[in-house]
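Reviewing the structure listed below.
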Amino acid sequence: MVKTKDSILSSYQNAAAAQSTNLKSIKENLNKVSLSRLGLFLVEIILVALIINFGFNIFFGLLVLAPVFLFVVLVKRQARLQRELAYASQLLWVYENEIQIIDARKNGYQDGATYEDENHPYVSDLDIFGPASLYALSNRCSSREGMDQLAAQLNTAGTREMIIARQQAIQEVQSHMEATYHFRAELKSHAPEQLAMIKDKLSTQLPEELKFTHKPFLRMYTQAAPFLSIAALLLGSFVGGWTWDVLAAVAIFNFAFNYFHIKHISAVYEGFSGSAEVLGSFANVIKWSEEISWKSPYILALFKQDHPDTKGSEQIKKLAGIIQAFDARLNMIVGAVLNILFVWDLRCAVRLDKWHQAASNDLVHSLQRISDFEELISFATLTHNHPDWVFPEILPEFGLQTTNMGHPLIPADKRVPNDYDLANGPTVDIVTGSNMAGKSTFLRTVGINMVLAFAGAPVCAQTFKSSIFSLVTYMRIKDSLNDQTSTFKAELNRLKMILEMVSKVPDSLVLIDEMLRGTNSKDKYQGSKAFIERLIEQRISALFATHDLQLSEMLEDYPQQLRNYHFDIQLTEGEMNFDYKLKHGACRTFNAAILLKQIGLRM
523 MVKTKDSILS SYQNAAAAQS TNLKSIKENL NKVSLSRLGL FLVEIILVAL IINFGFNIFF
583 GLLVLAPVFL FVVLVKRQAR LQRELAYASQ LLWVYENEIQ IIDARKNGYQ DGATYEDENH
643 PYVSDLDIFG PASLYALSNR CSSREGMDQL AAQLNTAGTR EMIIARQQAI QEVQSHMEAT
703 YHFRAELKSH APEQLAMIKD KLSTQLPEEL KFTHKPFLRM YTQAAPFLSI AALLLGSFVG
763 GWTWDVLAAV AIFNFAFNYF HIKHISAVYE GFSGSAEVLG SFANVIKWSE EISWKSPYIL
823 ALFKQDHPDT KGSEQIKKLA GIIQAFDARL NMIVGAVLNI LFVWDLRCAV RLDKWHQAAS
883 NDLVHSLQRI SDFEELISFA TLTHNHPDWV FPEILPEFGL QTTNMGHPLI PADKRVPNDY
943 DLANGPTVDI VTGSNMAGKS TFLRTVGINM VLAFAGAPVC AQTFKSSIFS LVTYMRIKDS
1003 LNDQTSTFKA ELNRLKMILE MVSKVPDSLV LIDEMLRGTN SKDKYQGSKA FIERLIEQRI
1063 SALFATHDLQ LSEMLEDYPQ QLRNYHFDIQ LTEGEMNFDY KLKHGACRTF NAAILLKQIG
1123 LRM
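Per my numbering, residue 523 is the first one in the sequence shown, and the count goes up by one each step.
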């Protein structure tokens, strides 16, 4: 069955409804457990009251222990249900977020505004980052590293071989779409910086911080301390008297020994505090990536540094167990007892050092894969949600041919697709037309689809074949009061950047929307003409949108190097209609006079 946008939306809605039902069931079970705990507490009070009234005997003693045992069981069940509730809530959020993206194009993940850069060759002009951007439409990353990798893919074009490999990888991830929702749910509640912090802790900080555990006496004593404490406790229990002093001496020494190393212990623990649950989530998503028999070379390369005999998910679970034990120090009473009797913090530090020496390098590679898969999942989800988009053919030699190419950020019901081909060699294509007729949108449509194509993602078109171009744009030129830069100066700076870039990169594609707006019409025309001639001289491809019809007349002097296209308007009984379709030749119908007349001005 061929998937449509409606069927995909319906599948998300069904999944969200099922998850809502599951969430309600978990909450009901939690309420039952809470009531049961309260009931057991009341039973325990009644039993204690009976003992006070009738005296203690074995029967009452066993009865008193029974509610305590059941209470412990219920506490564990409640903790498990709370984890299930948190996970179910996150999974529901994932489904509801997809519904919201399809319905209203509002994404709960970050929109990438921090990656905006007006000095970049194209990201500011093509709406790559920020609100209502390509990044905002695509992003499904929770970790900062995943977001950085997604931004990097949209910032630069890969090689042809890399793009093709990424296409295969994204399609393979898409074939496991249902599992990716669970992958994202596991990561959703964790801070974006958590993954990077743990990686940095394991790879750079811990080796130095754990050196203190290498002392022979510390190693020996942390092994012996529990046996000494237990032996002293048993001795005091059976012999009594002065033997309790032995336990006191052991406890004082343990406290002092632990306190002597408290600075080192705290340094080791810093960054891991309360992260056992986070590590458990990381273990689950890593395990998912390990259990699939991946075929695409791009994904297989992500596993090439793994140790063949160990799995990252197993190692991270061991780390989570150590950190969970270490977390006992967060409870002042429990932590104090464990450290006095067993030098608990030191034992955890030694366990962490043994684990670190055996597994940390492998785990860092496994943790890196989390962000790798987040980035791939982002594009796989984009692919899944837009079944009418296609993966482009990346040409080995110069070329661009598209049919029914539309702007991916315009809703499908408002989007007007166009066909467009480059000539066999570089040309400057001048696009003239009326205000609001579609010139700027068309330039951005070409550019943003190329950004998707060069990231290995699908494009908003029926067919799309393209060689790899270095995109550079000139569209939204802004002045700057802070830098004391006028609009014209900002335009000159941008033109200088373009000229420097195209002189170094022959496979550039320049997209220019109305050049030199900050100067007079004569200088604007002469400057634009000189710029076009420079591009022709250097054999650089360009799309040049302008209102200046004189520029279209350059075709007479450059019939092989220049082509004219236009967007026009249709006038029906004085009303303007736009079809937003690209047509050959220069524009002959403009709308400025009509628009001015509507506000009371006549030309």
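The beta carbon of each residue, even a glycine, is placed where N, CA and C say it ideally should be.
### Message
Between which two residues does the beta strand (DSSP E) holding V994 run?
### Response
992-996
### Nearest neighbour of P948, chosen from L1057, A754, W877, E566 [CA to CA]
L1057
### Task
Let me know the secondary structure DSSP gives A1064 once reduced to three states.
strand
### Message
Assuming T954 is part of the beta strand (DSSP E), what are its boundary residues?
### Response
950-955
### Query
Which residue's Cα is closest to the Cα of P933: G630, S655, G1049, S725?
S655
### Task
State the DSSP-derived secondary structure class of Q815, mapped to helix, strand or coil.
Just to set this straight, residue 815 is Ser in the shown sequence, not Gln. DSSP places S815 in coil when its eight states are reduced to three.
### Query
Would you say L724 and Y942 are within 9 Å of each other, going by their C-beta atoms?
no
### Task
Could you check which residue in K961, D625, S660 has the C-alpha nearest to that of T903?
S660
#### Entry: As assigned by DSSP and simplified to three states, the class of V1024
helix
### Message
Restricting to Cα atoms, I'd like to know which of G834, A707, M997 is closest to Q541.
### Response
A707
### Message
Threshold first: 4 residues or longer. Then list the alpha helix (DSSP H) segments lying entirely within the region 719-769, N to C.
### Response
728-731, 738-760
### Message
Assuming contact is defined by CB atoms lying nearer than 9 Å, are L863 and S759 in contact in what I supplied?
### Response
no
### Task
Would you mind reading off the limits of the beta strand (DSSP E) that contains S1030?
1030-1035
#### Entry: Own chain partners of T985 with C-beta closer than 6 Å, once the 5 adjacent residues on each side are dropped
T925
### Query
Do you know offhand how far E730's Cα is from F779's?
20 Å
### Query
Out of K833, M958, Y1102, Y743, which has the shortest C-alpha to C-alpha gap to V872?
Y743
### Query
For the region 832-876, which segments carrying the alpha helix (DSSP H) assignment without a break, of at least 4 residues, lie completely within its bounds, in sequence order?
834-848, 854-864
### Query
Going straight from the alpha carbon of P980 to that of Q827, what length do you get?
29 Å
### Query
In whole angstroms, what separates the C-alpha of R602 from that of H704?
18 Å
#### Entry: H908 beta carbon less than 9 Å from that of P939
no
### Query
Under three-state DSSP, which class holds E915?
strand
### Whole-number beta carbon distance between S797 and T954, since they are thought to touch under 8 Å
T954 to S797, Cβ: 60 Å. No contact.
### Message
Here's the rule I'm using: 16 or more other beta-carbon atoms within 10 Å means buried, otherwise exposed. How should Q1083 be labelled?
### Response
buried
#### Entry: Between the CA atoms of S962 and Y1080 - distance to the nearest angstrom
24 Å
#### Entry: Same chain, Cβ closer than 6 Å to A805, five either side skipped, listed in chain order
S835, I838, K839
### Query
Taking contact to mean at least 3 C-beta pairs separated by less than 8 Å, is the region 551-559 in contact with the region 585-601?
yes
### Query
For T905, does the three-state DSSP call read helix, strand or coil?
helix
### Message
On the criterion of 16 or more Cβ atoms from any shown chain inside 10 Å, does K527 qualify as buried, or is it exposed?
### Response
exposed
### Task
Compare the beta carbon distance of L648 and L1021 with 9 Å and say whether it is the shorter of the two.
no
#### Entry: Reference R627; option with closest CA among Y657, D1045, L607, N641
Y657
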